[in-house]
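4 protein chains.
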Amino acid sequence: MIIVIQCKDQVGLVGSIATILAKHQLNIVSMREHVDKAENIFFVRLEIEDGDTGGLEETLKEVLPPGAIIAVNPNPHKKIVVMVTKEYHCLADILIRNYFKTLGATVQCVIGNHATLQDICERFDMPFYHLSHEQYGRKELEQQMGDVIQQYAPDYIVLAKFMRILSPAFVARFPMRIINIHHSFLPAFIGANPYKQAFERGVKLIGATAHFVSNELDEGPIIAQQIIPVNHSFTAATMVKAGQEIETAVLANALKLVIEDRVFVYGNKTVVFG
Amino acid sequence: MIIVIQCKDQVGLVGSIATILAKHQLNIVSMREHVDKAENIFFVRLEIEDGDTGGLEETLKEVLPPGAIIAVNPNPHKKIVVMVTKEYHCLADILIRNYFKTLGATVQCVIGNHATLQDICERFDMPFYHLSHEQYGRKELEQQMGDVIQQYAPDYIVLAKFMRILSPAFVARFPMRIINIHHSFLPAFIGANPYKQAFERGVKLIGATAHFVSNELDEGPIIAQQIIPVNHSFTAATMVKAGQEIETAVLANALKLVIEDRVFVYGNKTVVFG
Amino acid sequence: MIIVIQCKDQVGLVGSIATILAKHQLNIVSMREHVDKAENIFFVRLEIEDGDTGGLEETLKEVLPPGAIIAVNPNPHKKIVVMVTKEYHCLADILIRNYFKTLGATVQCVIGNHATLQDICERFDMPFYHLSHEQYGRKELEQQMGDVIQQYAPDYIVLAKFMRILSPAFVARFPMRIINIHHSFLPAFIGANPYKQAFERGVKLIGATAHFVSNELDEGPIIAQQIIPVNHSFTAATMVKAGQEIETAVLANALKLVIEDRVFVYGNKTVVFG
Amino acid sequence: MIIVIQCKDQVGLVGSIATILAKHQLNIVSMREHVDKAENIFFVRLEIEDGDTGGLEETLKEVLPPGAIIAVNPNPHKKIVVMVTKEYHCLADILIRNYFKTLGATVQCVIGNHATLQDICERFDMPFYHLSHEQYGRKELEQQMGDVIQQYAPDYIVLAKFMRILSPAFVARFPMRIINIHHSFLPAFIGANPYKQAFERGVKLIGATAHFVSNELDEGPIIAQQIIPVNHSFTAATMVKAGQEIETAVLANALKLVIEDRVFVYGNKTVVFG
Chain A
1 MIIVIQCKDQ VGLVGSIATI LAKHQLNIVS MREHVDKAEN IFFVRLEIED GDTGGLEETL
61 KEVLPPGAII AVNPNPHKKI VVMVTKEYHC LADILIRNYF KTLGATVQCV IGNHATLQDI
121 CERFDMPFYH LSHEQYGRKE LEQQMGDVIQ QYAPDYIVLA KFMRILSPAF VARFPMRIIN
181 IHHSFLPAFI GANPYKQAFE RGVKLIGATA HFVSNELDEG PIIAQQIIPV NHSFTAATMV
241 KAGQEIETAV LANALKLVIE DRVFVYGNKT VVFG
Chain B
1 MIIVIQCKDQ VGLVGSIATI LAKHQLNIVS MREHVDKAEN IFFVRLEIED GDTGGLEETL
61 KEVLPPGAII AVNPNPHKKI VVMVTKEYHC LADILIRNYF KTLGATVQCV IGNHATLQDI
121 CERFDMPFYH LSHEQYGRKE LEQQMGDVIQ QYAPDYIVLA KFMRILSPAF VARFPMRIIN
181 IHHSFLPAFI GANPYKQAFE RGVKLIGATA HFVSNELDEG PIIAQQIIPV NHSFTAATMV
241 KAGQEIETAV LANALKLVIE DRVFVYGNKT VVFG
Chain C
1 MIIVIQCKDQ VGLVGSIATI LAKHQLNIVS MREHVDKAEN IFFVRLEIED GDTGGLEETL
61 KEVLPPGAII AVNPNPHKKI VVMVTKEYHC LADILIRNYF KTLGATVQCV IGNHATLQDI
121 CERFDMPFYH LSHEQYGRKE LEQQMGDVIQ QYAPDYIVLA KFMRILSPAF VARFPMRIIN
181 IHHSFLPAFI GANPYKQAFE RGVKLIGATA HFVSNELDEG PIIAQQIIPV NHSFTAATMV
241 KAGQEIETAV LANALKLVIE DRVFVYGNKT VVFG
Chain D
1 MIIVIQCKDQ VGLVGSIATI LAKHQLNIVS MREHVDKAEN IFFVRLEIED GDTGGLEETL
61 KEVLPPGAII AVNPNPHKKI VVMVTKEYHC LADILIRNYF KTLGATVQCV IGNHATLQDI
121 CERFDMPFYH LSHEQYGRKE LEQQMGDVIQ QYAPDYIVLA KFMRILSPAF VARFPMRIIN
181 IHHSFLPAFI GANPYKQAFE RGVKLIGATA HFVSNELDEG PIIAQQIIPV NHSFTAATMV
241 KAGQEIETAV LANALKLVIE DRVFVYGNKT VVFG
């Protein structure tokens, strides 16, 4: 079972927390702890053997500084909604893991602004909502999408190569719950056609970045990043192909980290107990 | 300041330890903890802000299971002795870090069974002992080497491409204090000419392994490993060159980990809080 | 269009080949060439712009040493058969690429010695043959499997986590056309339970190896290998999970290389123009 | 022996070149070739067995398009000058390789705008010129540096953590012969304090880039790049330390590639036959 705590730092926090766990006869399997000295914030993730956690959260509150964020056994049955456009690679990887129950969460539905990926969803009996910007104006489209999402009350919304920029209004509706895979090693090549930019710059590495969506384009706290080597023999097209492999891997890894409650967000940064 | 503890696991250890630290007004900067469930062994590495640690070790002993290994601020001025044969790459890297005081420990002397590397040592005013197997029989040679080492009372003996197998008697004289860089991704290609073996096998990766020396050839607890890709265009000779780069990096990394007290040894394994 | 040639080396080969291509007004887009000096074998892979290749193979034969292996535009529509047991990760990755036509070849059918993966195949309208060792003795089972395979005349048979050892007789039926993903960085941890072996040895890296199947267990020419870092926090079980990710990636990469005619086999080695 | 050619692409180039080599009884050991389709430029690097190359360059000129750049056995005894400020890691690595004759070129002298690294140079009997911006104005300083460099007529000038921006006038004096190591994964974090930028952005990877110096800050054709993973436990300071390791490795690799005539420059890009 997992316990995560984020609060103002002070001397003795670990002791108080661990002592309370011991009093509850809860054995610590593993513990990851970090203090951001500059911000004076304390982060801890505990994995404990199953036991009676009745009243634990309250007891912890008593010893922790005011405003402490405490989650005892945070939702172990997380739900996600996936948003896509036309590229299949990230969605297919998620559908497969969902189907074989190795995702750690359950996919509720997929929303596409194109119909391209409807068939693959149906093959997995996955509800697919085709909400097109040809059908609706941007404002109404986002309203529709938001309403579909809300009815599933997902823990996270995953932009699995959703290629339209979402408005601040939409993002504000699901704060720090939208996860995006950006097809570049941020902060390099922000914006459109990063592979074209990378190709023209003649870089020797390309990468991908999974991050929470904030309201600045391709900003927001970074969860995971990876790269692969490229060279002159790559065209912009083969860079895209290679990039898709790494995008799939990075998003899969980021989802695993988030779903396992290993990611803490504060300011524009994350603490990730990988 | 660092505190490392290794002991039998039991409920409440983290709490007892952290509470004692709090009582001593010692603030935990970071904490890494691990429990080997199979062996029921508890490992913790604490980094604490400087403070008065008078009596801390004793107080800890009282709450920890019998046989607990406790080190409060383990030797912060570690000393090492380096043993070499003819290849320069690992030694030179160590001498440079030592000279610029970024090694984290101080090199006391270098022992070579060939004179090849004497000049580079002298350029850094580093004592070099040439103890040759042409000069002495194996038993006497190891006696001599052991005596030179002992007079410097080093924390660790680093085999920086020392190409002779040391006898159990020698190893027993410095248990779990001899660190070797093996020019292969162990356990593949144990023994001599691993690059030749790798070349003939047509592998696509070669690696290097830094490990403590036990009495089985190329066995002993592994500290760090890395690999690099190779292909058909490599000859056995260019594989050696490429391998030397990775050997240097792996040994440097392993020494950093050991010197910073991040490595725990038990049985034939390590816990490394990297 | 691709041209691959493998033959005895001699002075002027590249010139003769390139001159003939020029005579045919065939423009070289890219060329990768290698000579194994020890074995005196010449390998070349040419990518040329489309054009009239009538009579090209014959003209090339005239200038090349006897016994030259020449393939002009080798089967651009390759077919593969996949064999599986219970693990889904490699198969699902292949089915997805096949469905979205990014595999570069077409999967003809899947043969499983368990029924576990029948449903996922059916979701992709992929013929699935359940041929069980409970149903048949080993000899008859392999006969049946070989017959199913033969009726599809595949270019390659892919063992996507097929967990039974195939007899020399079966392997001889499809020489150097069977590709296996081995869940280890060969030659380390040959045989069963490599992750258990890796865990007990306390390695800091685990890997996967894609190779052609010869008749020695886990031997055969290596096509591709990759690794990922692991540490003490991994259990044998989480090592398996991590390993499955790398197995999927390595097999996908190996298939890409083979399907794009980038892999030459000779002796127990490969030349891979990646 | 090496032959490199860069010229306008046309049908039959490889054939003409290889045929001429065969006529000269020069056997091709390995050949790497690339065509930039967009720019219609042909690049080839040939490694041939030693033989009589008398008149070869002229014969090649006859069959190659006008303006072809041909180098038969380009300077096999390359000379470099190193410029530094205070950080030792790249310089020390170069001095060691130079001392052990594994650099592939010889270091002529080191120029420092601080005296910090004078002692390490003297330990290797390496001429060190301390030319300080306190001593001279920028224009005069660059004049002095340029004159020192010119008297050694180096093939390349290596900025091994030289922390001042060089004027267009200086760069123009040594076009595409100045190699810089930038402490970032370009184009991310251009300019000063990239590690501080990286730390504040909370990236999960940091990198280094070796590139030729053009007149835009941190632009210029990229030769090599590498990254290492980082996380929340890194401070800006430990990121610098980690970055120095990767800077050293990337610069060493870039120098190897350039010295072995594996790097072609055109426009703001490179072709690297690694």
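Going line by line, the protein sequences match chains A, B, C and D. The letter at position 179 of the first sequence is residue 179 when you use UniProt numbering, and the numbering goes up by one with no holes. The letter at position 73 of the second sequence is residue 73 when you use UniProt numbering, and the numbering goes up by one with no holes. The letter at position 211 of the third sequence is residue 211 when you use UniProt numbering, and the numbering goes up by one with no holes. The letter at position 238 of the fourth sequence is residue 238 when you use UniProt numbering, and the numbering goes up by one with no holes. Ideal placement from N, C-alpha and C gives every residue a C-beta, glycine not left out.
Exercise. To which residues does DSSP link residue 226 (chain A) through a beta bridge?
Worked result: Position 226 of the first sequence holds residue 226 (chain A). A:208.
Exercise. At a Cβ threshold of 9 Å, is residue 232 (chain C) touching chain D?
Worked result: Here residue 232 (chain C) corresponds to residue number 232 of the third sequence, with the count starting at 1. Not closer than 9 Å to any Cβ of chain D, the Cβ of residue 232 (chain C) fails to qualify, so no.
Exercise. What are the start and end residues of the beta strand (DSSP E) that includes residue 46 (chain A)?
Worked result: Translated into the one-based positions of the first sequence, residue 46 (chain A) becomes position 46. It spans 41-48 - the beta strand (DSSP E) in which residue 46 (chain A) sits, taken as one unbroken run.
Exercise. Is DSSP giving residue 53 (chain A) helix, strand or coil here?
Worked result: Residue numbering aside, residue 53 (chain A) sits at position 53 when the first sequence is read from its first letter. Here residue 53 (chain A) sits in coil by DSSP.
Exercise. Contact between the segment 41-61 of chain B and the segment 252-271 of chain B: three or more CB pairs below 8 Å?
Worked result: Counting C-beta pairs closer than 8 Å gives three or more between the segment 41-61 of chain B and the segment 252-271 of chain B, which meets the contact rule.
Exercise. Along the chain, which unbroken stretches of the alpha helix (DSSP H) at least 4 residues long are found entirely within the segment 131-176 of chain B?
Worked result: As far as the segment 131-176 of chain B is concerned, its whole alpha helix (DSSP H) runs of at least 4 residues are 138-152, 168-173.
Exercise. Which residues in chain A sit within 7 Å of residue 297 (chain B), going by Cβ to Cβ distance?
Worked result: Nothing can be reported for residue 297 (chain B): it is not among the residues displayed for chain B, which extend from 1 to 274.
For this session: Tell me whether residue 192 (chain A) sits in a helix, a strand or coil according to DSSP, three-state version.
Result: Along the first sequence, read from residue 1 onward, the residue named residue 192 (chain A) stands at position 192. Three-state result, residue 192 (chain A): coil.
For this session: Could you confirm whether any beta carbon from chain C is found closer than 9 Å to the beta carbon of residue 270 (chain D)?
Result: In the fourth sequence, counting from the first residue as 1, residue 270 (chain D) sits at position 270. No, because no Cβ of chain C sits closer than 9 Å to the Cβ of residue 270 (chain D).
For this session: Quick one: which residues of the segment 63-96 of chain C get their C-beta closer than 9 Å to a C-beta of chain A? List them in chain order.
Result: Listed in sequence order: 88, 89, 92, 93, 95, 96.
Problem set entry | Inside the segment 73-143 of chain C only - beta strand (DSSP E) runs reaching at least 3 residues | 78-84, 105-112, 128-130, all fully within the segment 73-143 of chain C.
For this session: Could you check which residue in B:21, B:220, B:169, B:113 has the C-alpha nearest to that of residue 10 (chain A)?
Result: On the first sequence, position 10 is the one that residue 10 (chain A) refers to. Nearest option by C-alpha distance: B:21.
Problem set entry | Residues near residue 109 (chain A) in its chain [Cβ-Cβ closer than 8 Å; skip 5 each side] | What you label residue 109 (chain A) is simply residue 109 of the first sequence in a count that begins at 1. Cβ neighbours of residue 109 (chain A) beyond the five flanking positions: 81, 82, 126, 127, 128, 129, 148, 152.
For this session: Work out the CA separation of residue 222 (chain A) and residue 111 (chain B) for me, nearest whole Å.
Result: The residue given as residue 111 (chain B) occupies position 111 in the second sequence. The residue given as residue 222 (chain A) occupies position 222 in the first sequence. Roughly 48 Å between the two C-alpha positions.
Exercise. In angstroms, rounded to a whole number, what distance separates the CA positions of residue 133 (chain B) and residue 159 (chain B)?
Worked result: As a first step, residue 133 (chain B) must be located in the second sequence, where it is residue number 133. As a first step, residue 159 (chain B) must be located in the second sequence, where it is residue number 159. Distance between the alpha carbons of residue 133 (chain B) and residue 159 (chain B) is about 16 Å.
Exercise. Of the choices A:123, A:100, A:136, A:155, whose alpha-carbon is the least far from that of residue 114 (chain A)?
Worked result: Walking along the first sequence from the start, residue 114 (chain A) turns up at place 114. It is A:136 whose Cα lies nearest to the Cα of residue 114 (chain A).
Exercise. Are residue 15 (chain A) and residue 256 (chain A) touching if we call contact CB-CB under 9 Å?
Worked result: The count along the first sequence starts at 1 and reaches residue 15 (chain A) at position 15. The count along the first sequence starts at 1 and reaches residue 256 (chain A) at position 256. With contacts defined as CB atoms closer than 9 Å, residue 15 (chain A) and residue 256 (chain A) fail to qualify as a contacting pair.
Exercise. Which residues, taken in chain order from the segment 116-146 of chain C, show a beta carbon closer than 8 Å to some beta carbon of chain A?
Worked result: Of all residues in the segment 116-146 of chain C, only 120, 123, 124 place a beta-carbon less than 8 Å from a beta-carbon of chain A.
Problem set entry | Backbone secondary structure at residue 58 (chain A) - three-state DSSP | The count along the first sequence starts at 1 and reaches residue 58 (chain A) at position 58. Residue state, collapsed to three classes: helix.
Problem set entry | Residues from the segment 160-174 of chain D in contact with chain B, defined by Cβ distance under 9 Å | Along the segment 160-174 of chain D, there is no position whose C-beta sits under 9 Å from a C-beta of chain B.
For this session: Compute the beta-carbon to beta-carbon distance between residue 28 (chain C) and residue 48 (chain C), rounded to the nearest angstrom, for a pair I have assumed lies under 8 Å.
Result: Taking the third sequence and counting its residues from 1, one reaches residue 28 (chain C) at position 28. Taking the third sequence and counting its residues from 1, one reaches residue 48 (chain C) at position 48. Right, the Cβ-Cβ distance comes to about 6 Å (below 8 Å), so this counts as a contact.
Exercise. So is residue 99 (chain A) in contact with chain C if we call contact Cβ pairs under 9 Å?
Worked result: What you label residue 99 (chain A) is simply residue 99 of the first sequence in a count that begins at 1. It does; some Cβ of chain C falls within 9 Å.
For this session: Could you tell me which chain A residues have their CB closer than 9 Å to the CB of residue 30 (chain B), listed as they occur along the chain?
Result: Translated into the one-based positions of the second sequence, residue 30 (chain B) becomes position 30. Chain-order list of chain A residues neighbouring residue 30 (chain B): 33, 34, 35, by C-beta distance under 9 Å.
For this session: Could you say if the segment 223-234 of chain C and the segment 233-251 of chain B meet the contact criterion of at least three C-beta pairs nearer than 8 Å?
Result: Note that the segment 223-234 of chain C does not touch the segment 233-251 of chain B; fewer than 3 beta-carbon pairs, one per stretch, sit closer than 8 Å.
For this session: Determine the direct distance from the alpha carbon of residue 196 (chain D) to that of residue 174 (chain D), and round the result to whole angstroms.
Result: In the fourth sequence, the residue the question calls residue 174 (chain D) occupies position 174. In the fourth sequence, the residue the question calls residue 196 (chain D) occupies position 196. Straight-line spacing of the CA atoms in residue 174 (chain D) and residue 196 (chain D) works out to 31 Å.
Exercise. Exposed or buried, residue 184 (chain C), counting other C-beta atoms within 10 Å across all chains shown (16 or more means buried)?
Worked result: In the third sequence, residue 184 (chain C) corresponds to position 184, counting from 1. Answer is buried; the Cβ neighbour count reaches 16.
For this session: Quick one: measure Cβ to Cβ for residue 84 (chain A) and residue 91 (chain A), integer angstroms, because I've assumed they're closer than 8 Å.
Result: The residue you call residue 84 (chain A) lines up with position 84 of the first sequence. The residue you call residue 91 (chain A) lines up with position 91 of the first sequence. Right, their Cβ atoms sit about 5 Å apart.
Problem set entry | residue 248 (chain D), enclosing alpha helix (DSSP H) - first and last residue | What you label residue 248 (chain D) is simply residue 248 of the fourth sequence in a count that begins at 1. 236-259 is the extent of the alpha helix (DSSP H) around residue 248 (chain D).
Problem set entry | For residue 269 (chain A): DSSP bridge partner residues | One-based indexing of the first sequence puts residue 269 (chain A) at position 269. Per DSSP, A:266.
Exercise. Which of helix, strand or coil does DSSP assign to residue 184 (chain B)?
Worked result: For the purposes of this step, residue 184 (chain B) is taken as residue 184 along the second sequence, with counting starting at 1. Reduced to three states, the DSSP call for residue 184 (chain B) is coil.
Exercise. Between the beta-carbon of residue 210 (chain C) and the beta-carbon of residue 237 (chain C), is there less than 9 Å?
Worked result: Reading the third sequence from its first residue, position 210 is the one you call residue 210 (chain C). Reading the third sequence from its first residue, position 237 is the one you call residue 237 (chain C). Taking 9 Å as the cut-off, the beta carbon of residue 210 (chain C) is found no closer than this to the beta carbon of residue 237 (chain C).
For this session: Express the C-alpha separation of residue 161 (chain C) and residue 235 (chain C) in angstroms, rounding to a whole number.
Result: One-based indexing of the third sequence puts residue 235 (chain C) at position 235. One-based indexing of the third sequence puts residue 161 (chain C) at position 161. Distance between the alpha carbons of residue 235 (chain C) and residue 161 (chain C) is about 21 Å.
For this session: Taking only beta carbons into account, state which residues of the segment 198-210 of chain B come closer than 7 Å to chain A, listed in chain order.
Result: Result list empty, no residue passes.
Exercise. Among B:199, B:141, B:99, B:32, which residue has its Cα nearest to the Cα of residue 124 (chain B)?
Worked result: On the second sequence, position 124 is the one that residue 124 (chain B) refers to. Restricting attention to B:199, B:141, B:99, B:32, the CA atom closest to the CA of residue 124 (chain B) is found in B:99.
For this session: For residue 19 (chain C), count neighbouring C-beta atoms within 10 Å of its own C-beta (all shown protein chains included) and say buried if the count is 16 or more, exposed if not.
Result: Walking along the third sequence from the start, residue 19 (chain C) turns up at place 19. So residue 19 (chain C) ends up on the buried side.
Exercise. When Cβ atoms are compared, which residues of the segment 251-262 of chain B fall closer than 8 Å to chain C?
Worked result: When CB distances to chain C are screened at a threshold of 8 Å, not a single residue of the segment 251-262 of chain B falls below it.
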